[in-house]
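Chemist:
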Amino acid sequence: MDTLEALRTRRSIRNYKVKDVEADLIQEIVTAGMRAPSAGNEQPWHFIVLTERRILEEIPRISPYAAMARDAPVAILICGDLNLERFEGFWVQDCAAATQNMLLVAHALGLGAVWTSIYPLQDRVAGFKMLLNIPDAVVPFALIPLGYPAREPRKEDRFKKDRIHYTA
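For the record, in the sequence shown the residue sitting at position 82 is 81 according to numbering that gives the first Met the number 0, with numbers rising by one throughout.
This is the structure we're talking about:
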């Protein structure tokens, strides 16, 4: 799948088949995250691959809008490391770019995924830190539950001409 096709057809997928995701596909997705641009090339991210059923089932208690993680075969937690930050505050944009790369590659590989937000909601940040024993300087940013889609998503054209503005 080429890049434009991935951008046109990617959708948030919240229902997954009961089928494991192969380790090499997970590696491709995480690698795509590491290929994202970052401020000053600081690459302030860490990726925690979650496959343990007990942990996946605990996630909705911490993040109610991530209930689909309970049924996902895998989820990837994207975190920013404040110790790696060279330009204060830009880790958020860096992790967002990594997250989008991962969503696009998951789709291109035939997987379904959804971006669930953690940061800046401090109760969610604290919940993930406690659940996974994450160090103080590492901040949970987003969670991507993923798996093989249980059904085909509906097609949607998101182009809105009235949102484009030009200067003269």
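The C-beta atom is built at its ideal place from N, Cα and C for all residues, glycine as well.
All figures in this text were calculated on a predicted structure; none of them were measured in a lab.
#1: Which residue from C78, Q121, G109, R7 puts its Cα closest to that of L24?
#2: Going by C-alpha to C-alpha distance, which of E84, K128, A71, F46 sits closest to A38?
#3: By how many angstroms is the C-alpha of N14 removed from the C-alpha of V254?
#4: Out of curiosity, what's the CA-to-CA distance linking T50 and E151?
#5: In the structure shown, what three-state DSSP assignment does A15 receive?
#6: Would you report the Cα separation of T115 and R60, rounded to the nearest angstrom?
#7: Taking the continuous alpha helix (DSSP H) assigned at H164, which residues delimit it?
#8: Hey, is the stretch 137-147 in contact with the stretch 97-104, meaning 3+ C-beta pairs nearer than 8 Å?
#9: Which of helix, strand or coil does DSSP assign to F127?
#10: Suppose the cutoff is 8 Å on Cβ atoms and the five residues either side in sequence are ignored; what does the same chain contact list for K159 look like?
#11: At what residue ranges does the stretch 73-115 contain a whole run of the beta strand (DSSP E), taking only runs of 3 or more?
#12: Of all the CB atoms in chain D, is at least one closer than 7 Å to the CB of Q99?
Modeler: Considering the structure as presented:
#1: G109
#2: E84
#3: What is shown of the chain runs 0 to 167, which leaves residue 254 out entirely.
#4: 24 Å
#5: It should be pointed out that residue 15 corresponds to Tyr in this sequence rather than to Ala. Here Y15 sits in strand by DSSP.
#6: 14 Å
#7: Here H164 belongs to no alpha helix (DSSP H), and DSSP marks it neither H nor E.
#8: yes
#9: helix
#10: Correct list: empty, nothing qualifies.
#11: 73-80
#12: You won't find chain D in this structure, because it holds only one protein chain.
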